[in-house]
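Asks:
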Amino acid sequence: MATMRKQIEYPARFYDFEPEREQFRADVLQGLQEPRKKLSSKYFYDDEGSQLFEQICDQDEYYPTRTELSIMQAHAREMAEILGPRCLLIEYGSGSSTKTRLLLDELSEPAGYVPIDISKEQLLGSVTALSLDYPDLEVLPVCADYTGVFELPRPGRAAASRVAYFPGSTIGNFEREQARHFLHQIALVCQGGGLLIGVDLQKDFNILHRAYNDAQGITARFNKHLLERINRELGADFQVQHFGHYACYNPERARIEMHLVSLCQQTVRIGEIDIAFQQGESIWTESSHKYTLASFAHLAEEAGFRVERVWTDQRGFFSVQYLRAIVG
Ligand code: AVI
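In the numbering used here, the protein residues as written are 10 to 337.
#1: Is the separation between the beta-carbon of Thr-321 and that of Ile-91 shorter than 8 Å?
#2: From the DSSP output, in three-state form, read off Val-336 for me.
#3: Out of Gln-42, Ile-239, Ser-49, Phe-214, point me to the one whose CA is closest to Asn-259's CA.
#4: Roughly how many whole angstroms lie between the Cα atoms of Lys-15 and Gln-200?
#5: Do Leu-78 and Phe-231 count as a contact pair if the criterion is CB distance below 8 Å?
#6: If you run the structure through DSSP and keep just helix, strand and coil, what is Ile-180?
#7: Can at least three beta-carbon pairs, one atom from the stretch 53–72 and one from the stretch 142–160, be found at a separation below 8 Å?
#8: Residue range of the alpha helix (DSSP H) that Gly-134 falls in?
#9: Does DSSP classify Pro-124 as helix, strand or coil?
#10: Could you spell out where the beta strand (DSSP E) holding Phe-33 opens and where it closes?
#11: Which same chain residues end up closer than 7 Å to Asn-222 when comparing Cβ atoms and leaving out the 5 residues on each side of it in sequence?
#12: For His-307, count neighbouring Cβ atoms within 10 angstroms of its own Cβ and tell me buried if that reaches 16, exposed if not.
#13: For Val-336, count neighbouring Cβ atoms within 10 angstroms of its own Cβ and tell me buried if that reaches 16, exposed if not.
#14: Cys-8: buried (16+ other C-beta within 10 angstroms of its C-beta) or exposed?
#15: Are Ala-138 and Leu-116 closer than 8 Å when you measure CB to CB?
#16: Give the DSSP-derived three-state secondary structure of Thr-294 in the structure shown.
#17: To which residues does DSSP link Asp-209 through a beta bridge?
This is the structure:
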């Protein structure tokens, strides 16, 4: 069922489906009461978490953002040609929209731009800046959990096609079946068009290990911030200093697994519920899957796409891929 839309004042056409706190509480309690404790990585991204993630992207060790940006800078024109004139660009998890600007600069008469993001403050900030810099572009922001069901706004101008943009290798944060389902939903939305997606590639695990264990400890702060958010929003009493950041590459599953490890035996109260932790017990907070070109092509095909074009950097660390929707 589609989420109810709330009215807010600015900008005039702002579609607000921001997830409710009750859902957050239910997900947190369910995840922490499972035999293997876990929290969904989507809850990292409140306004503070989104800012911490921006800081991660600036760390020397975190190569994905910089590498993807360099691919976009080198090939945005060719990408825009493939996307074609008058497309409606729909960005899933738009964040600061930095990479999107490279694309918007090259697109021919886009019918509109629909940035979708869970962080309202960041969405409003980037939309305000974009509207100033691209006065002719119709921007239709949607505040939502983009993995859920929500109404897609219609632009004033008729679109020749719908093209989704999903940069940053956020697809890596989905479990395989979830990824297949999510990509399939996009294939249905973008029939006749396609998806431009950033996909992080498998590489030397030492490089991966450093990327998720940066020397400045920003990734550790980002991880622990989730507990601070639960304290603040759900009235919990996590002693954040009693949890440690742990991120390690699992070569068999080709993914970074990120955890918060309890440094002592302790009990945490969330509202009326007590959650017990053994020393060394972990909360699994995120997986970040790394693909080969072949393994991602296989996933894309299962989801209703055909890989039409792949751009990579010289080291083969990261890829940007255009997938043609072939469902329907
Ligand atoms: C958003 N996502 C692609 C990031 C990643 O690399 O999996 C999130 C992240 N987690 C720790 N560092 C960055």
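The beta-carbon is built from N, C-alpha and C at its ideal position, and this holds for glycine as well.
Replies: This is what the structure holds:
#1: As a position in the sequence shown, residue 321 is number 312, starting the count at 1. As a position in the sequence shown, residue 91 is number 82, starting the count at 1. The answer is no: Cβ separation not under 8 Å.
#2: Within the sequence shown, residue 336 is the residue found at index 327, counting from 1. Coil at Val-336, not helix or strand.
#3: Translated into positions along the sequence shown, residue 259 becomes position 250. That would be Phe-214, whose Cα lies nearest to the Cα of Asn-259.
#4: Along the sequence shown, one-based indexing puts residue 15 at 6. Along the sequence shown, one-based indexing puts residue 200 at 191. In this prediction, Lys-15 has a pLDDT of 42, which is less than 50 and means its spatial position is unreliable; what the coordinates show is noted afterwards. In a straight line, the C-alpha of Lys-15 is about 29 Å away from that of Gln-200.
#5: Here residue 231 refers to the residue found at position 222 of the sequence shown. Here residue 78 refers to the residue found at position 69 of the sequence shown. Taking 8 Å as the Cβ cut-off, Phe-231 and Leu-78 do not qualify as a contacting pair.
#6: Here residue 180 refers to the residue found at position 171 when the sequence shown is read from its first residue. Ile-180 carries a helical assignment under DSSP once its states are collapsed to helix, strand and coil.
#7: no
#8: For this step, residue 134 is matched to residue 125 along the sequence shown. Element bounds for Gly-134: 129–142.
#9: For the purposes of this step, residue 124 is identified with residue 115 of the sequence shown, where counting begins at 1. Note: Pro-124 maps to strand in three-state DSSP.
#10: Locating residue 33 in the sequence shown gives position 24, where the first residue counts as 1. Going by DSSP, Phe-33 is part of no beta strand (DSSP E) but of the alpha helix (DSSP H) stretching over 30–41.
#11: Your numbering for residue 222 matches position 213 in the sequence shown. Hits under 7 Å: Thr-228, Ala-256.
#12: As a working mapping, residue 307 is identified with position 298 in the sequence shown. So His-307 ends up on the exposed side.
#13: Along the sequence shown, read from residue 1 onward, the residue named residue 336 stands at position 327. Val-336 is exposed by the Cβ-count criterion.
#14: Residue 8 falls outside the range modelled here, since the chain spans only 10 to 337, and no answer is possible.
#15: As a first step, residue 138 is located in the sequence shown; it is residue number 129 there, counting from the start. As a first step, residue 116 is located in the sequence shown; it is residue number 107 there, counting from the start. Taking 8 Å as the Cβ cut-off, Ala-138 and Leu-116 do not qualify as a contacting pair.
#16: Reading the sequence shown from its first residue, position 285 is the one you call residue 294. Strand, per DSSP.
#17: Stepping through the sequence shown from its first residue, residue 209 is reached at position 200. DSSP output for Asp-209 lists Phe-327 as bridge partner(s).
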